[in-house]
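Following: one structure in structure tokens, then a few remarks.
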Amino acid sequence: MNLKVDDSKKEGVLTIGGTLTIQRSTALKEILLKALGQVDCVKIHFDQAIEVDLAFLQLFCAAHKTSLRKNKKLQIEENQIDVLKKAFKDIGFPQFMKCKNSDDSNHCVWSSGGSHE
Amino acid sequence: MTEDLNKGRDIFKEEAYELLAKLENCLLELEMVPDDKEMIERAFRAMHTIKGSSSMFGFDAIANLTHEAETVYEMVRKDKVKVTKELIDLTFRVIDQIMAVIGKHEYDESADESKINDIIFSFKQLLSKEGLEVSHPSSLRSRSPQERELSRSSHFAEQDLAEETKSTKRTYMIYFRPHHDIFLKGLNPLLLLSELCQLGRCTIITHTDLIPDLEDIDPEACYTYWDVFLTTAEDINAIRDIFIFVEDNCEIKINVIDTGNSLDNEEAHKHLSNIIFEKAELTEKDVEGLITGWRNTGKHNEVKNNSTGDSLQDKLQQGGGMVRGHQMEVSSIRVAANKLDKLVNLVGELVTVQARLSQAVITRNDPEMLLIAEEIERLTDDLRDSTMNVRLVPIGTIFNRFKRLVRDLSNELGKEVEFTTRGGETELDKNVIEKLNDPLVHIIRNSIDHGIEPPANREASGKSRRGMVHLSSEYSGANVLIKIRDDGAGIDLKEIRKDAIEKGLIREDTSLTERDILSIIFSPGFSTSEKVTKVSGRGVGLDVVKRCIDTLRGTVDIDSKKGRGMIITLKIPLTLAIIEGLLLKVGDNQYILPLSAVEECIELTRQDVAGAHGRHIVNVRGRIIPYIRLRDFLNIDGTMPDIEQIVITEVNGKKVGLAVDHVIGEHQTVIKSLGRIYRDVDVLSGATILGNGKVAIILNIPKIVEYTESKEMTMVSGSA
């Protein structure tokens, strides 16, 4: 896990990969907190194939809520959405999921594997 | 986390064991009627549930094995493969291996990878023989459990979709809310949702409103919950099966919202989920409106123009209250046995304290307190009865296990045996039933090994080739009578007597009744079998049966006719924890007899004693009944009262009296064990604490009678 901050743009790129499951959830929480504390826009980049679980999805959702409350942005890099979709498919993530929390269900991590914006 | 995961695995093992028992019964039924569609369906479902759950709990060997079996049974469902003896045998081997993996070695199997691979290979061969395509083992083995589940999911979704068109479907609304700590128990809710999707058309609404902000979230807790719309031809049990291993770790509500096919389309599901999404609740009117509109026009948007002229959303705003269709709540819950034991112990303590309270109130002579004490007594009695009822389980749960035993044994011994049961619904205390398993196994093994003759011998003696073993149970007062009857060779009394003399169990000149001779087969070390077989004949077995039944405060009775068969009757008390007792006094001590064994109480005057000329007999309405004076039997000093009481009981069909100083009355007896020091004192079967805090000993009547008879016999033969 690596966070690169561009102070001029107040933007950070959080690079994560591999197993993003409950075993690493505490570390993930810490780095997400750090990222949202430092910059206004956090972009997620997957540097390799990822394995996710429900704990990760919840963490991401919590981070999204926090970003909205702080008027910040949390997004998955555009060309990375397929990586997340594949990870969902691998864990048997059911289709037709909807998230009441999301402002835009087409860009919800729960419903399409898309990014939170 | 490991502790929680282990707890989850333990639950899986326990419930897998029950599913395997169901599967075993299905197989036995299928062996008789191979094209029984319902049994095929049940067997398939049991395997499917075990497969999914074993994968979830990391039992990959079980998942692999059941996957192969399930594949073949899927072909059986489609009439592409026939149910044959080979398939049944193979499936029994699957059961044995799973039992071995989860540590329940019912049939002396041990988990063995080579055996598992051998079974998998045999299943594949079976499919090849039918010219059907086999799945690749590596594709299952090398992938993660989740991947496997997903691939199977699409496979079965296609099949289900095709099959569902044949029958009427229901639409269920399922509310699934896992407990916070579900991840820590090693459970993955997404796998369950995946399984639900396999059952039919499925729409899942994820509720994330409980997920806190990043600062507050516990990253190892589950905050997510779901509403699921499922349209399927499967019944509610198929849905419950999916949640069977997590029902203690989540909240589940399953409602039927439509019993026709009206909601079996994507648009209907979409609109239902929109309602939930917007309003969180669904009314019957919503569903009715949707269905009516659909039936009339085939389009959801027409619902807006139904008779009321309102849209669904409008209706919702007017509707108010939440009605989740016809809610079908789970009618039973699973409770750990140790929790029940604890409850019974607490009720036992309460019964004891209540007795103390009643006694204290009587001595104070306070009418108001007396009323309260009586109310508490009534409530305690109700609570005791209810608690005891909770522990009662049908004896049929163990009857079913013996079907497999009979099948395997008769195959092994080359005998043909028909096993029938009756009275499986008779209920007994859970602990009693568990302890009955081993004695019944011994008796049934003995019947098949020694009783039932080989088919040719039976034919030669004019019997049918097929022998019969019948197991039945029925209530008899506070007891249950369990009978094991066979139509085999029966017992040769002369042979038994001869063997008993040779083994030094009796003397040559000992005079014995038919019943006495028959009871010798329950003596330690007695066996008439000429050869030791794997099944029986080691000289152990039936004496162990007697010892087991003694510990249950029960009795064993045997009846047999040479060439006609044998009946063994076990008389077992309904419960081991709290019994109705009769409180007696001898000297300064108090004793309890089980009330169920008491027939009547009569007085014994000095005049009666003198009239008997030193013999311990009494005339009861013209019938002479022997009695045992407990004062003498228990070596209690002191002065006897002028009028004693005799408690008449029946032991082995004979009336016997027990003479005591006083009969105090009925007493709720919470049975406490006497501890190791009294282990060999079999005339005492326990103790109880009385209302005044004193201890009363519970007497074992059959043992007292047996002991007295044997003492008198010794005295008689000694004097001879």
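From first to last, the protein sequence lines are chains B and X.
Counting with my numbering, you get residues 1 to 117 for the letters of the first sequence.
Counting with my numbering, you get residues 1001 to 1720 for the letters of the second sequence.
Idealized CB from N, CA, C, for every residue including glycine.
Straight-line Cα distance separating Leu1184 (chain X) from Glu1375 (chain X): Counting from 1 along the second sequence, the entry for residue 1375 (chain X) is found at position 375. Counting from 1 along the second sequence, the entry for residue 1184 (chain X) is found at position 184. Roughly 46 Å separates the two Cα atoms.
Under 8 Å by beta carbon: chain X residues contacting Lys85 (chain B): Stepping through the first sequence from its first residue, residue 85 (chain B) is reached at position 85. Taking the beta carbon of Lys85 (chain B) as reference, no residue of chain X falls within 8 Å; the closest one sits roughly 13 Å away.
At least three beta-carbon pairs within less than 8 Å, the stretch 1025-1038 of chain X to the stretch 1085-1095 of chain X: By the criterion of at least three beta-carbon pairs nearer than 8 Å, the stretch 1025-1038 of chain X is in contact with the stretch 1085-1095 of chain X.
Through-space distance from Ile1697 (chain X) to Glu1070 (chain X), alpha-carbon basis: Within the second sequence, numbered from 1, the residue matching residue 1070 (chain X) stands at position 70. Within the second sequence, numbered from 1, the residue matching residue 1697 (chain X) stands at position 697. The alpha-carbon of Glu1070 (chain X) is positioned some 57 Å away from that of Ile1697 (chain X).
Contact under 8 Å by Cβ, Lys65 (chain B) with Asp40 (chain B): Counting from 1 along the first sequence, the entry for residue 65 (chain B) is found at position 65. Counting from 1 along the first sequence, the entry for residue 40 (chain B) is found at position 40. Not closer than 8 Å, so no.
Per-residue contacts from Cys1222 (chain X) into chain B (C-beta, under 9 Å): Position 222 of the second sequence, counting from 1, holds the residue named residue 1222 (chain X). Against chain B, the beta carbon of Cys1222 (chain X) has neighbours under 9 Å at Leu54, Ala55, Gln58, listed in chain order.
CA nearest to the CA of Ile1517 (chain X), picked from X:Asp1557, X:Arg1170, X:Arg1553, X:Cys1548: On the second sequence, residue 1517 (chain X) is found 517 positions in, with the first residue counted as 1. That would be X:Asp1557, whose Cα lies nearest to the Cα of Ile1517 (chain X).
Minimum Cβ-Cβ distance from Thr1171 (chain X) to chain B less than 8 Å: Sequence index remark: in the second sequence, residue 1171 (chain X) carries index 171 (1-based). Look at Thr1171 (chain X): its C-beta is not under 8 Å from any C-beta on chain B.
Proximity test, Cβ basis, 8 Å: Asp1213 (chain X) and chain B: Stepping through the second sequence from its first residue, residue 1213 (chain X) is reached at position 213. Yes, contact with chain B.
Ile1517 (chain X) CB to nearest heavy atom of the ligand ZN below 7 Å: No copy of the ligand ZN occurs in the structure displayed, which carries no ligand at all.
His1667 (chain X) classed as buried or exposed, judged by whether at least 16 other C-beta atoms fall within 10 angstroms: Locating residue 1667 (chain X) in the second sequence gives position 667, counting from the first residue. With 16 or more other Cβ atoms within 10 Å, it is buried.
Residue-chain proximity (Asp41 (chain B), chain X), Cβ-Cβ < 8 Å: As a working mapping, residue 41 (chain B) is identified with position 41 in the first sequence. Correcting the residue identity first, residue 41 (chain B) is Cys in this sequence and not Asp. Output row for Cys41 (chain B): interface = no.
Range covered by the beta strand (DSSP E) that runs through Leu1481 (chain X): Translated into positions along the second sequence, residue 1481 (chain X) becomes position 481. Element bounds for Leu1481 (chain X): 1479-1486.
Cross-chain neighbours of Pro1189 (chain X) in chain B, by beta carbon under 8 Å: Taking the second sequence and counting its residues from 1, the one referred to as residue 1189 (chain X) is at position 189. Counting only Cβ-Cβ distances below 8 Å, Pro1189 (chain X) has contacts in chain B at Leu54, in chain order.
Rounded C-alpha distance that separates Asp1160 (chain X) from Val1094 (chain X): Translated into positions along the second sequence, residue 1160 (chain X) becomes position 160. Translated into positions along the second sequence, residue 1094 (chain X) becomes position 94. Because the pLDDT of Asp1160 (chain X) is 44, which lies under 50, any placement of that residue in the model is unreliable, and the number read from its coordinates should be weighed accordingly. Each residue's alpha carbon lies about 25 Å from the other.
Identity of the residues DSSP links to Leu1658 (chain X) by a beta bridge: Taking the first residue of the second sequence as position 1, residue 1658 (chain X) is located at position 658. Its beta-bridge partners are X:Ile1628, X:Val1647.
Neighbourhood of Gly1554 (chain X) by C-beta, 7 Å cutoff - its chain only, sequence neighbours within 5 removed: Within the second sequence, numbered from 1, the residue matching residue 1554 (chain X) stands at position 554. Setting aside the 5 residues that flank it on each side, Gly1554 (chain X) is surrounded in the same chain by Leu1570, Lys1571, Ile1572, Pro1573, each with a C-beta closer than 7 Å to its C-beta; the list follows chain order.
At least three beta-carbon pairs within less than 8 Å, the stretch 1431-1446 of chain X to the stretch 1544-1554 of chain X: Taking 8 Å as the limit for Cβ pairs, the verdict is that the stretch 1544-1554 of chain X does touch the stretch 1431-1446 of chain X.
Identity of the residues DSSP links to Gln1590 (chain X) by a beta bridge: Position 590 of the second sequence holds residue 1590 (chain X). Among the bridge pairs identified by DSSP, Gln1590 (chain X) is matched with X:Lys1585.
Asn1345 (chain X), DSSP secondary structure in three states: Within the second sequence, numbered from 1, the residue matching residue 1345 (chain X) stands at position 345. Three-state result, Asn1345 (chain X): helix.
Listed by chain order, chain X residues near Glu19 (chain B) by CB distance under 7 Å: Working through the first sequence from its first residue, we reach residue 19 (chain B) at position 19. For the record, residue 19 (chain B) in the displayed sequence is Thr; it is not Glu. Scanning chain X for C-beta atoms nearer than 7 Å to the C-beta of Thr19 (chain B) yields nothing, as the closest lies near 11 Å away.
Range covered by the alpha helix (DSSP H) that runs through Lys1115 (chain X): Looking up residue 1115 (chain X) in the second sequence gives position 115. Note, Lys1115 (chain X): alpha helix (DSSP H), 1113-1129.
Contact set between the stretch 6-31 of chain B and chain X, restricted to residues whose Cβ is under 8 Å from the partner: Identification of residues in the stretch 6-31 of chain B having a C-beta nearer than 8 Å to some C-beta of chain X yields Ile22, Ser25, Thr26, Leu28, Lys29, given in sequence order.
Under 8 Å between C-beta atoms of Lys1013 (chain X) and Ile1119 (chain X): One-based indexing of the second sequence puts residue 1013 (chain X) at position 13. One-based indexing of the second sequence puts residue 1119 (chain X) at position 119. No, they are not a contact pair.
Chain B within 8 Å of Pro1219 (chain X), Cβ atoms only: One-based indexing of the second sequence puts residue 1219 (chain X) at position 219. Closer than 8 Å: yes.
Rounded separation between Asn1700 (chain X) and Asn1479 (chain X) - CA only: The count along the second sequence starts at 1 and reaches residue 1700 (chain X) at position 700. The count along the second sequence starts at 1 and reaches residue 1479 (chain X) at position 479. Taking the straight line joining both Cα atoms gives about 15 Å.
Run of the beta strand (DSSP E) containing Tyr1225 (chain X), from where it starts to where it stops: In the second sequence, the residue the question calls residue 1225 (chain X) occupies position 225. Where Tyr1225 (chain X) is concerned, the enclosing beta strand (DSSP E) stretches over 1225-1232.
Closer than 8 Å to chain X by CB, Leu3 (chain B): Here residue 3 (chain B) refers to the residue found at position 3 of the first sequence. Not an interface residue.
Contact set between Phe1402 (chain X) and chain B, taken where Cβ atoms lie within less than 9 Å: Here residue 1402 (chain X) refers to the residue found at position 402 when the second sequence is read from its first residue. Residues of chain B with a Cβ closer than 9 Å to the Cβ of Phe1402 (chain X) do not exist; the shortest Cβ-Cβ separation is about 40 Å.
Given Ser4 (chain B) as reference, the closest of B:Arg24, B:Ile44, B:Leu28 once Cα atoms are compared: Numbered from its first residue, the first sequence carries residue 4 (chain B) at position 4. For the sequence presented, residue 4 (chain B) should be read as Lys rather than Ser. Lys4 (chain B) has its Cα closest to that of B:Ile44, out of B:Arg24, B:Ile44, B:Leu28.
Distance between beta carbons of Tyr1175 (chain X) and Gln58 (chain B), contact taken as under 8 Å: Taking the first residue of the first sequence as position 1, residue 58 (chain B) is located at position 58. Taking the first residue of the second sequence as position 1, residue 1175 (chain X) is located at position 175. Between Tyr1175 (chain X) and Gln58 (chain B) the Cβ distance is about 19 Å, and since that is not below 8 Å, they are no contact.
Buried or exposed (CB count within 10 angstroms, at least 16 for buried), Glu1474 (chain X): Numbered from its first residue, the second sequence carries residue 1474 (chain X) at position 474. Glu1474 (chain X) is classed as exposed because its beta carbon has fewer than 16 other beta carbons within 10 Å across all chains shown.
Same chain, Cβ closer than 6 Å to Glu1418 (chain X), neighbours up to 5 away in sequence not counted: To locate residue 1418 (chain X), count along the second sequence from 1; it is residue 418. Once the five neighbours on either side are set aside, the close Cβ partners of Glu1418 (chain X) are Arg1466, Met1468.
Ser8 (chain B) versus B:Lys85, B:Ala63, B:Gln38, residue with shortest Cα-Cα distance: Here residue 8 (chain B) corresponds to residue number 8 of the first sequence, with the count starting at 1. Of B:Lys85, B:Ala63, B:Gln38, the residue nearest in Cα terms is B:Gln38.
Beta-carbon gap between Ile1567 (chain X) and Lys1694 (chain X) smaller than 8 Å: Here residue 1567 (chain X) is taken as the residue at index 567 of the second sequence, counted from 1. Here residue 1694 (chain X) is taken as the residue at index 694 of the second sequence, counted from 1. The Cβ-Cβ distance between Ile1567 (chain X) and Lys1694 (chain X) does not fall below 8 Å.
Against chain B: residues of the stretch 1176-1187 of chain X by CB proximity under 7 Å: Cβ contacts with chain B come from Phe1183.
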